[in-house]
Amino acid sequence: MSGIGRVLAAPRRLAAWIGLQWLWAAAAIALVWGVAAVHLVEERADTLRGAEMDSASRAHAYAEALLRTVRELDQTALLIRALDERGGPEPDLAGWLAAVDPVQRVPVQITLVARDGMVRLSNLQKTTQRVDLSDRPHFRRFADRPEDVLHVSPPVFGRLSKLWTIQFVRMLRGPEGSFNGIVVVSAEPAALVRFVSAEDIGVRGTMSLIGLDGVIRARIAAGAEGVITGQPSASPAVQEAVAREAGHFTWTDPQDGVRRIESFRRLPGLPLLVSVGLDEMDVLAEYRADLWRMLPVCAVVTLVVLAIAAVAARHRRRREEAQRVLNLAMENISQGLLMVNPDGRIAVMNRRLVELLGLPPEIQPGMPVEEMMDRQRAAGEYTTKVEPPEAAATLGRMASFTDGPALYKRTRPTGTVLEVRTKLLPDGAAVRSFSDVTAWEQAQDALRAARTAAEAGIEARTRFLAVMSHEIRTPLNGILGAAELLQDTELTPRQQHCVQTVRHCGRHLLGLVSDILDFSKIDQNAIELETAPFAPAGVLAAMQMMMAPLAAEKGLWLRVEADAAVPAQVCGDAHRLRQVLLNLVGNAVKFTGAGGITVRLDAAPAATGWRLDWRVRDTGIGIPAEAQENLFQEFAQADGSITRRFGGTGLGLAISRRLVQAMGGDIVVFSRDGEGSEFRFHVIVATAGAAAGPPAALRSPGCLRVLLAEDNPVNRMIATGLLEKLGHRVEAVEDGAAAVAAVRRGGVDLVFMDVMMPVMDGLTATRAIRALEGPAGRIPVIGLTANAFREDEANCRAAGMDGFAPKPITRERLARELDRVCGAAIAAGTDPPAAPAPAATGAIDVAVLDALAATLGEDTVAEVVTVFLADVPDRLARLRDLAEAGTTEALAREAHALAGSAGTLGLRALEATARELERALKTSDHPDALGRVAEIGALAEQAVTALAPVPGRMACGDAGIVAAG
Numbered sequence: 001m002s003g004i005g006r007v008l009a010a011p012r013r014l015a016a017w018i019g020l021q022w023l024w025a026a027a028a029i030a031l032v033w034g035v036a037a038v039h040l041v042e043e044r045a046d047t048l049r050g051a052e053m054d055s056a057s058r059a060h061a062y063a064e065a066l067l068r069t070v071r072e073l074d075q076t077a078l079l080i081r082a083l084d085e086r087g088g089p090e091p092d093l094a095g096w097l098a099a100v101d102p103v104q105r106v107p108v109q110i111t112l113v114a115r116d117g118m119v120r121l122s123n124l125q126k127t128t129q130r131v132d133l134s135d136r137p138h139f140r141r142f143a144d145r146p147e148d149v150l151h152v153s154p155p156v157f158g159r160l161s162k163l164w165t166i167q168f169v170r171m172l173r174g175p176e177g178s179f180n181g182i183v184v185v186s187a188e189p190a191a192l193v194r195f196v197s198a199e200d201i202g203v204r205g206t207m208s209l210i211g212l213d214g215v216i217r218a219r220i221a222a223g224a225e226g227v228i229t230g231q232p233s234a235s236p237a238v239q240e241a242v243a244r245e246a247g248h249f250t251w252t253d254p255q256d257g258v259r260r261i262e263s264f265r266r267l268p269g270l271p272l273l274v275s276v277g278l279d280e281m282d283v284l285a286e287y288r289a290d291l292w293r294m295l296p297v298c299a300v301v302t303l304v305v306l307a308i309a310a311v312a313a314r315h316r317r318r319r320e321e322a323q324r325v326l327n328l329a330m331e332n333i334s335q336g337l338l339m340v341n342p343d344g345r346i347a348v349m350n351r352r353l354v355e356l357l358g359l360p361p362e363i364q365p366g367m368p369v370e371e372m373m374d375r376q377r378a379a380g381e382y383t384t385k386v387e388p389p390e391a392a393a394t395l396g397r398m399a400s401f402t403d404g405p406a407l408y409k410r411t412r413p414t415g416t417v418l419e420v421r422t423k424l425l426p427d428g429a430a431v432r433s434f435s436d437v438t439a440w441e442q443a444q445d446a447l448r449a450a451r452t453a454a455e456a457g458i459e460a461r462t463r464f465l466a467v468m469s470h471e472i473r474t475p476l477n478g479i480l481g482a483a484e485l486l487q488d489t490e491l492t493p494r495q496q497h498c499v500q501t502v503r504h505c506g507r508h509l510l511g512l513v514s515d516i517l518d519f520s521k522i523d524q525n526a527i528e529l530e531t532a533p534f535a536p537a538g539v540l541a542a543m544q545m546m547m548a549p550l551a552a553e554k555g556l557w558l559r560v561e562a563d564a565a566v567p568a569q570v571c572g573d574a575h576r577l578r579q580v581l582l583n584l585v586g587n588a589v590k591f592t593g594a595g596g597i598t599v600r601l602d603a604a605p606a607a608t609g610w611r612l613d614w615r616v617r618d619t620g621i622g623i624p625a626e627a628q629e630n631l632f633q634e635f636a637q638a639d640g641s642i643t644r645r646f647g648g649t650g651l652g653l654a655i656s657r658r659l660v661q662a663m664g665g666d667i668v669v670f671s672r673d674g675e676g677s678e679f680r681f682h683v684i685v686a687t688a689g690a691a692a693g694p695p696a697a698l699r700s701p702g703c704l705r706v707l708l709a710e711d712n713p714v715n716r717m718i719a720t721g722l723l724e725k726l727g728h729r730v731e732a733v734e735d736g737a738a739a740v741a742a743v744r745r746g747g748v749d750l751v752f753m754d755v756m757m758p759v760m761d762g763l764t765a766t767r768a769i770r771a772l773e774g775p776a777g778r779i780p781v782i783g784l785t786a787n788a789f790r791e792d793e794a795n796c797r798a799a800g801m802d803g804f805a806p807k808p809i810t811r812e813r814l815a816r817e818l819d820r821v822c823g824a825a826i827a828a829g830t831d832p833p834a835a836p837a838p839a840a841t842g843a844i845d846v847a848v849l850d851a852l853a854a855t856l857g858e859d860t861v862a863e864v865v866t867v868f869l870a871d872v873p874d875r876l877a878r879l880r881d882l883a884e885a886g887t888t889e890a891l892a893r894e895a896h897a898l899a900g901s902a903g904t905l906g907l908r909a910l911e912a913t914a915r916e917l918e919r920a921l922k923t924s925d926h927p928d929a930l931g932r933v934a935e936i937g938a939l940a941e942q943a944v945t946a947l948a949p950v951p952g953r954m955a956c957g958d959a960g961i962v963a964a965g
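To convert, note that position 464 of the sequence shown is 464 in the UniProt record's numbering; the numbers rise steadily by one, no gaps.
So this is what it looks like as structure tokens:
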């Protein structure tokens, strides 16, 4: 057995300890109950003493108040006697009493009785009949024994007042003090104790006015109705008052059986006493409440003490078992443990520590830790690396545990990696744990290697996308550039249409490439949004123009609705918004066989601008509930058969959701299988500033000497042709080294520099130009690249380029970049020759095109016009076929779609004729359909002729097309 058991084991004195434990419990219980009993006894005695003092103080106070009342009544009797002895007419007692005591604090009756016992005068009424009181005890008292004293009678029933009253009587004096009758002041018993209420004396308390003759004059008792009077009193107070003026006692009243604490006080000079009795049960109510509160507490304490004693005994019995389990745990845990005392000696160590450190068996608890470290050094532990925390221990100091880091790692010569943790204890000791983390370190190394490989893969993917972008956009640049140059030549309408078709398809292919790159950016969370003013209603109108022909081809209607609250202009990414909208509407057209699509736009103010709410509702095939959960996942569709039936990769909705979320919104779907679907999404856009006017016509700077560095011969030819069309002289080279040499020779005003070229790339060449001395080092450089990533623009700026024009390049882009970079200092040249403006045939409402260009931008309008021109021949052919077949409903839909497209582009005559045909077909007017279609065909040819030059002129930045009409 290791030293752990010897260090942690406690002395085995179980039996003696348990005996002491129960003895302590018994003493604690006795103490608790003893303290409680003493407290209760003292509390009861204090409560009774307090009650005695309370009743005595009340008796004293009531006696004082009653004495004042009796004296006032006596003074009244004396005043009446003085008035009577003065002689004269009989006084008006009622008037006199009202004058003397208008408040009548104590209602009294005043009566004058003659010496023969007959009533002479009363304040109650004038005497009309003689009332004889000669038999009354209070009259006989003075008639038989004349003396000038106050006599207080027991309660008597008045012959005049018909009330029970107490008589306060004085003798009327005749000559030489002889008996001449009595003056009686009568008061009701309740008036004498008016200052006492039943609530003042407790639940069953009493207050009594008793004569020394034992007759109760007035008594108030809780629960009794009115004032008790005239009854004999059984209270010992009558006997006690004979011997002393005041006192108290406890007795049980035989009348109601209540035990009371009673105090009395005799009225000085009067045969009366006041007695106040408090119910002992009422007095001891709080004491009893404390008693019942204390008994459960003492019982609970007793149980707690017994429980503690029992638990402690059981705990003691289990301690040895717990000690054994602890020793087993210490010996079998996966960590090595070492505890060192403040004196530097080993206190605890387990078997795992011996295994991890390879300690010899001689190392045992109680040895200095210095000796353990010396043996490890002798075994070659610290020959390659000495950790400061443990190296200090070889000096025999505790600094190895107190001054070193709390956590570090140590590698043994065997290759085992140990994680060492140190915990300092309050008494100066320390505990150190050793964990084998070799496998974890190896896993971390593998993870780091995998992360490095993943980052390399991401970097390679990014480079691949950049190369693919360059390689795909380079031929597209040639296709679109050649089409643009060809458009400026003399072409027939048919040829013009073909060129427009090439440009439209090329732009569409460019959009597909951009979408693929967008998905790659989204997948890497690298999507970036533009912020520019745009018209939400314009986005809606452009979508309708582009999608209406597709819907009409399937016999579907496409309706758009916009709430009046939609702002005219906002700031955001109109391109991404249009991308989402076209994707949703395109899906709706694809998956709808009959009916149509409704697109609704609403707007509401938001904290940072506006919230645009879009709804795309169709009458298509619907989406099953179980398929809606995965609808917005990449490469997922509602049904595997959809790909075979309708095509598609399943990326559209995933890209749409990512874009909507990037614009601060979300997208949801509501659908039932076979009942159509409704997609709702919202985005947050900023508030736009003051509305801008129509875009001004671009001006190309005057004739410049332009150096073009481009390795691709097609792109070089296209760019040269476009720049020459703008009126500039162009020198072309094939790589960056030749460009640097040409700049060094001089004679160059500006450089267009392709980024990816052999020999020397454009970025390196730009840096070399910037390193030249003199004006050559400051020559403007504009980058040309087929890479569509924003970081490519940043790289161009960092290399020292002044501008950036992504491919495919157009005349508009070149002119804008030249104007921006060169500035007004070289902008005095003349505009390039413009293509002839369309004749003012009246086919186009130029105000509509002006407004559309101002709202959507010239690029979008050019694209919309191109789509319209490409769609017109097919739509006219469908109109003729439907008119010949007599298919009224389908012909009305085609006329409706053509009217909507024509109205959007300002083709008023064509729109009106198409709507007339639609209206006639819907009202069953049976018009000459073929004749109307022929008329529509003629107007459409005029519109095509008028619109054909528009895309090319807009691409050149010539806003004059709308002024020519």
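Glycine included, every Cβ here is placed at the ideal spot set by N, Cα and C.
Query	Result
Around the Cβ of GLN75, are there at least 16 other Cβ atoms within 10 angstroms (buried) or fewer (exposed)?	exposed
When burial is assigned at 16 or more other CB atoms within 10 Å of the CB, is PRO775 buried or exposed?	exposed
Return the residue from the list ARG778, LEU480, ASP802, GLU812 that minimises the CA-CA distance to MET717.	LEU480
Looking at the structure shown, is CYS571 part of a helix, part of a strand, or coil, going by DSSP?	strand
Answer yes or no: do ALA883 and LEU876 have a C-beta to C-beta separation smaller than 8 Å?	no
Three-state secondary structure (DSSP) at ASP135?	coil
Grab me the residues of ALA429's own chain with a C-beta within less than 8 Å of its C-beta, minus the 5 sequence neighbours each way, in chain order.	MET339, VAL340, ASN341, PRO342, ALA347
CA-CA distance, ASP256 and VAL276?	16 Å
Does the segment 72–86 touch the segment 278–286, meaning 3 or more C-beta pairs lie closer than 8 Å?	no
Would you kindly check if the distance between the Cβ of ALA899 and the Cβ of GLU911 is under 8 Å?	yes
Taking the alpha-carbon of PHE670 as reference, which of ALA625, PRO296, PRO146, LEU704 has the nearest alpha-carbon?	ALA625
Can PHE139 and LEU133 be called in contact, C-beta distance under 8 Å?	yes
So within the segment 337–391, which uninterrupted alpha helix (DSSP H) runs reach at least 4 residues, ignoring any that extend past its ends?	351–357, 369–378, 388–391
Give a yes or no on whether 8 Å exceeds the smallest Cβ distance from ARG615 to chain B.	Considering every chain present, this structure includes no chain B. It has just one protein chain.
Which residue wins for smallest C-alpha separation from VAL781, given the options MET753, ASP792, MET757?	MET753
With C-beta atoms as the reference, is LEU509 less than 8 Å away from VAL499?	no
Report the CB separation of ARG130 from GLY181 in whole angstroms; it is logged as a contact under 8 Å.	Contact doesn't hold; Cβ gap of about 14 Å is too wide.
When DSSP labels each residue in this structure, what does ALA625 get in the three-state scheme?	helix
Taking ASP253 as the reference, which of ARG159, PRO236, GLU240 has the closest Cα?	PRO236
Buried or exposed for SER178, please, with buried defined as at least 16 other CB atoms from any protein chain shown within 10 angstroms of its CB.	exposed
Please state the DSSP three-state secondary structure of ASP613.	strand
To which residues of the same chain is HIS575 closer than 7 Å at the C-beta, ignoring the five residues directly before and after it?	GLU530
Tell me which same chain residues have a C-beta within less than 6 Å of the C-beta of THR411, skipping the five on either side of it?	VAL417
Relative to the C-alpha of VAL660, which residue among PRO361, PHE632, SER677, ARG672 is closest?	PHE632
DSSP has TYR287 in a bridge; who is on the other side?	Paired residue(s): none; TYR287 is not in a bridge.
With DSSP as the reference, label PRO832 as helix, strand or coil.	Model confidence at PRO832 stands at a pLDDT of 37, short of 50, so the residue's coordinates are unreliable; what they give is reported in the following sentence. Reduced to three states, the DSSP call for PRO832 is coil.
Considering only C-alpha positions, which residue in the set TRP440, ASP871, GLU553 is nearest to CYS505?	ASP871
Hey, quick one: how far does the beta strand (DSSP E) through GLN167 stretch, first residue to last?	164–173
Taking 8 Å as the threshold, find out whether the segment 671–687 comes into contact with the segment 726–734 through three or more Cβ pairs.	no
I'd like the list of long-range same chain contacts for ARG744, defined as Cβ closer than 7 Å, with 5 residues on each side in sequence excluded.	LEU772, ALA776
Using DSSP with H/G/I as helix, E/B as strand and the rest coil, what is ARG219?	strand
So, for ALA603: in the same chain, excluding its five sequence neighbours on each side, which residues have a beta-carbon less than 8 Å away from its beta-carbon?	PRO536, ASP563, ALA565, VAL566, PRO567, TRP610, ARG611, LEU612, ASP613
Would SER186 and THR111 qualify as a contact pair, given that the criterion is a beta-carbon distance under 8 Å?	yes
From LEU814, ARG86, LEU66, ASN123, pick the residue whose C-alpha is nearest to that of ALA94; which is it?	ASN123
Any idea which residues DSSP pairs ALA430 with across the strands?	VAL340, LEU424
Quick check on this structure: which residue in ARG260, GLU90, VAL70, GLN167 has the alpha carbon closest to the alpha carbon of ALA56?	ARG260
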